[in-house]
Amino acid sequence: MADTCTHLGTVRDVMPSSAGCEDCLRTGDRWVHLRMCMSCGHVGCCDSSPNRHATAHWNAHSDHPLIRSFEPGEDWWWCYPDQLFFELDSAPPAASHP
């Protein structure tokens, strides 16, 4: 596991793709927590959710390595390839679902 994320160069100025897990909304499923892809804005459900759509998005798009919590009051990030949980002091406040 890396000590520092080596994928910060992939971060884009993104807008959330939806107010909930876009895949669960399409199929009528439920989620536990939400994550937002920092390459394209895809909002997916966490790995505690039945469908794990955030991780499925990364598996389908390995060039989208970073997610950020899309939960109110949470500012953490996760890098899939580096398997690293972190916060960035220099990052703007995280977006969150309503």
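Adding 136 to a residue's 1-based position in the sequence shown gives its number in this note's numbering. By construction, the Cβ of each residue, glycine as well, lies at the ideal position given by its N, Cα and C atoms. These figures come from a predicted structure and were not determined experimentally.
Contact check for Gly180 against His189 passes: the beta carbons are separated by less than 8 angstroms. Look at Leu144 here: in three-state DSSP terms it is helix. DSSP, read as helix, strand or coil, puts Leu224 in coil. Trp194: member of the alpha helix (DSSP H) spanning 189-196, first to last residue.
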